[in-house]
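Novice:
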């Protein structure tokens, strides 16, 4: 019921708009709308009544103003506007007079304080235009530089006019407040005092006049200071100003009387691509009031031209007269408007001056003449008195990456780098600037890389020692690069390497007097497997006699570090020596197997001897559980070959067709499998320890003893795959029949029985005699599907051959019987 009442109030407004227009709206007496929630009203209802109001010529602004006066909170008006925007019902092209072309207010703050104001048009509603024009960013970016800010105190020089509302507060011996509106004749009416003319007065002048009038009539204590009066603006009138000329959105704007020239430029979108930013005219009373130059604000931040607007003011934006372009190495490239008195130096100031890497000796200018284009090179001496013309295009090039007086020194000196080329500077002088040579400098030779006049590279070589002793010297020229070599430049990367049974094998830097023990310490010492009694050192040989068939390639040293009395217990290593620490003879790590399943003590068991068998480990498990199937055991062993999966695949590819490997997933699985499954007759292994079933165990073997099962599983191409109890003495066909018999596409002759230990037996045939495999408890019977490929019928020749063979066999049987 509460929602229905609130909703009806809104509907009354919209409906009344559509029926009566604006002339009698203020006479409508409705209830307070302060508790209405816009978001609770359905979209369909708002759309229906809103369209009726718009059809009658009512603007959005009048709707918002009237709803605000009747108590609808500003937050709800904002929600209503958002709803209308989302529903595509904005009527921004219609004003209160039914006339199009004026902007629409969207700022809730402006609508709250100045309900008649249309002073906050969103710049995105205006075409952005050419963004390279200097100053256009004020009207195209989201920073809203010229957005009107009306949350300010009323200026003391504010001129009053019709529709302004004054708030007069009397306090002290008397307490009273008045809200006084200036009428169309310019008067305010004070109860018990009378009318007072304030039109054209500043707020300060009107305040003094009102105080004097009140002090001479009803509040005489004002004159003695016992009663005081404050006067302020409660509501500000709207004024109408016009924008003409080269504006992005020319027209008449209804704005607050606190709106300034810059505010209005923001509202109209600023000058268009052809508009002037330098000579914007404010016309008041048919006379030019001021000519505004936006560059003074853009460059200096000065707002001397940002004056308050008045009723009837006209803003004229003329077309620009001279606009030039500057690009290249300047801080702010773009298009700039020039006045008649401005020179190229002023253009540089507008562009933020040249960038640090600009070529300053000459600036290129492209100018349009009456017939064609011409090029002009502008020298620095012309910057102050060169006058740009319309459409001039200036280009500032980049400084060449070359030095007039640079030389280098690099290599074995303490301060390598570029240095200044002074007249007469020599190689000895440059060595001194570089801090002198390092201790590792190669003193027999120094190279100077130089370029000839035609940039052909050349090199000069001189003895460094003779230069240091000043016996010889060399005068340097531009771009000379001096390289002082190090003795280490002529050596390789001197290392020794250690491999084998050490904790940190690898390469180590060779140093003089480096011994074997030093390298072992650097490698963390030998590990538990390392044999310190037979360390092998392989050393490169120089000057080998490779003319012999069997010549020595390396020299081998065997070092015993455990024998302290042996003089060869240590050895000084040479560069590129290879140290190999071998495994200690007779040392082996523990090997273990894992037993799982139905034994008394499953778990990990280490192998006592190298030849331990299955029976040896089972003696240690404590025997089988009652639920164990003691007949068979499954052993899983890691693949014994040392080939990787890729190497095995290459071998298969040489044997088989490559396509068969790709298409046959079984072949692929066999190639990449990591272990093999071995089935063993455990009962035979335990009863006959020397038999082949009693396997020798390997490290990592996993032995599984299954739980005894009294079921037989039937799967594959049968009608009802299932498990049924094992029945002694019956054959394969019994179990197939219990599973519903063979399906039509079953391959009966290839049925197999998979035994609990993983072994497999299939149906076998001899002539016309078929023999089915036996079935034991825990077995699985699998019936494969007939293959859909290669099902060609036998040819006549093949049938004839079969019949002939059968005849021969029959004759043999007949004659054998006789």
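Residue numbers (this note's numbering): 1 to 818. Quick reminder that beta carbons are idealized off the backbone N, C-alpha and C, glycines included.
1. Report the three-state DSSP secondary structure of residue 76 (helix, strand or coil).
2. Just to confirm the assignment, what range does the beta strand (DSSP E) spanning residue 447 have?
3. Restricting to Cα atoms, I'd like to know which of 445, 388, 397, 406 is closest to residue 412.
4. With distance defined between alpha-carbon atoms, name the residue in 317, 371, 186, 190 nearest to residue 202.
5. Tell me where the alpha helix (DSSP H) around residue 706 begins and ends.
6. Taking the beta carbon of residue 264 as the centre, do at least 16 other beta carbons fall within 10 Å, making it buried, or is it exposed?
7. What are the start and end residues of each continuous alpha helix (DSSP H) run of 4 or more residues lying completely inside the stretch 331 to 397, in chain order?
8. For the stretch 435 to 504, list the alpha helix (DSSP H) runs that are entirely contained and at least 4 residues long, ordered along the chain.
9. Does DSSP put residue 683 in a helix, a strand or coil?
10. Identify the continuous alpha helix (DSSP H) that holds residue 207 and give its terminal residues.
11. Among 571, 173, 389, which has the Cα closest to the Cα of residue 370?
12. Evaluate residue 839 with the Cβ neighbour count: other Cβ atoms within 10 Å of its Cβ, from every protein chain shown; 16 or more gives buried, anything less gives exposed.
13. One question on the structure: do residue 171 and residue 227 come within less than 9 Å of each other, judged by their Cβ atoms?
14. Mind listing, in chain order, the continuous beta strand (DSSP E) runs of no fewer than 3 residues lying wholly within the stretch 236 to 284?
15. Counting pairs of beta carbons, one from the stretch 541 to 553 and one from the stretch 453 to 466, are three or more of them closer than 8 Å?
16. Considering only their Cβ atoms, is the gap separating residue 291 from residue 305 smaller than 9 Å?
17. Using a Cβ distance threshold of 8 Å, determine whether the stretch 353 to 362 contacts the stretch 388 to 407, with at least three qualifying pairs required.
18. Could you check what DSSP says for residue 737 in three-state terms: helix, strand or coil?
19. Going by C-alpha to C-alpha distance, which of 63, 275, 422, 345 sits closest to residue 386?
20. Can you say whether residue 212 is buried or exposed, counting buried as having 16 or more other CB atoms within 10 angstroms of its CB?
21. In the DSSP output, what is residue 781 paired with across the bridge?
22. Output needed for residue 472: all residues of its chain with C-beta closer than 8 Å, excluding positions within five of it in sequence on either side, in chain order.
23. Determine the direct distance from the alpha carbon of residue 601 to that of residue 634, and round the result to whole angstroms.
24. Using only CA atoms, which one of 721, 325, 599, 221 lies nearest to residue 619?
25. Could you say if the stretch 245 to 255 and the stretch 266 to 283 meet the contact criterion of at least three C-beta pairs nearer than 8 Å?
26. Restricting to Cα atoms, I'd like to know which of 528, 422, 558 is closest to residue 539.
27. DSSP on residue 115, reduced to helix/strand/coil?
28. Of all the options 64, 173, 311, which has the alpha carbon lying nearest to the alpha carbon of residue 827?
29. Checking 9 Å against the spacing of the C-beta atoms, do residue 496 and residue 577 come in under that value?
30. Measuring CA to CA, which of 756, 747, 720 is closest to residue 739?
31. With distances taken from CA atoms, which of 697, 221, 470 is nearest residue 611?
32. Which of helix, strand or coil does DSSP assign to residue 557?
33. Any idea if residue 779 is buried or exposed, counting beta-carbon neighbours within 10 angstroms, 16 or more meaning buried?
34. Quick one: what does DSSP say residue 723 is sitting in, helix, strand or coil?
35. Which residue or residues does DSSP assign as beta-bridge partners of residue 609?
Specialist: Checking against the coordinates, here is how it stands:
1. helix
2. 446 to 451
3. 445
4. 186
5. Run containing residue 706: none; DSSP gives neither H nor E here.
6. buried
7. You should have 344 to 350.
8. 464 to 468
9. helix
10. 203 to 215
11. Answer by Cα proximity: 389.
12. One cannot answer for residue 839 here, as it falls past the ends of the chain, which runs 1 to 818.
13. yes
14. 238 to 245, 251 to 256, 280 to 284, all fully within the stretch 236 to 284.
15. These segments do not touch.
16. yes
17. These segments touch.
18. In the three-state scheme derived from DSSP, where H, G and I count as helix and E and B as strand, residue 737 is classed as helix.
19. For residue 386, the closest C-alpha among the options 63, 275, 422, 345 is that of 345.
20. exposed
21. 714, 753
22. Hits under 8 Å: 462, 463, 466.
23. 17 Å
24. 599
25. yes
26. 558
27. Residue placement at residue 115 is poorly supported in this model, since its pLDDT is 37, which falls under 50; the coordinates still yield a value, given next. The answer is coil: DSSP assigns residue 115 none of H, G, I, E or B.
28. This structure does not reach residue 827, given that the chain is present from 1 up to 818, and the question cannot be answered.
29. yes
30. Comparing alpha carbon positions, the residue from 756, 747, 720 closest to residue 739 is 720.
31. Ranking 697, 221, 470 by Cα distance to residue 611 puts 697 first.
32. Residue 557 sits in a strand when the DSSP states are folded into three classes.
33. Residue 779 comes out buried.
34. Three-state result, residue 723: strand.
35. Answer by DSSP bridge pairing: none, since residue 609 is not bridged.
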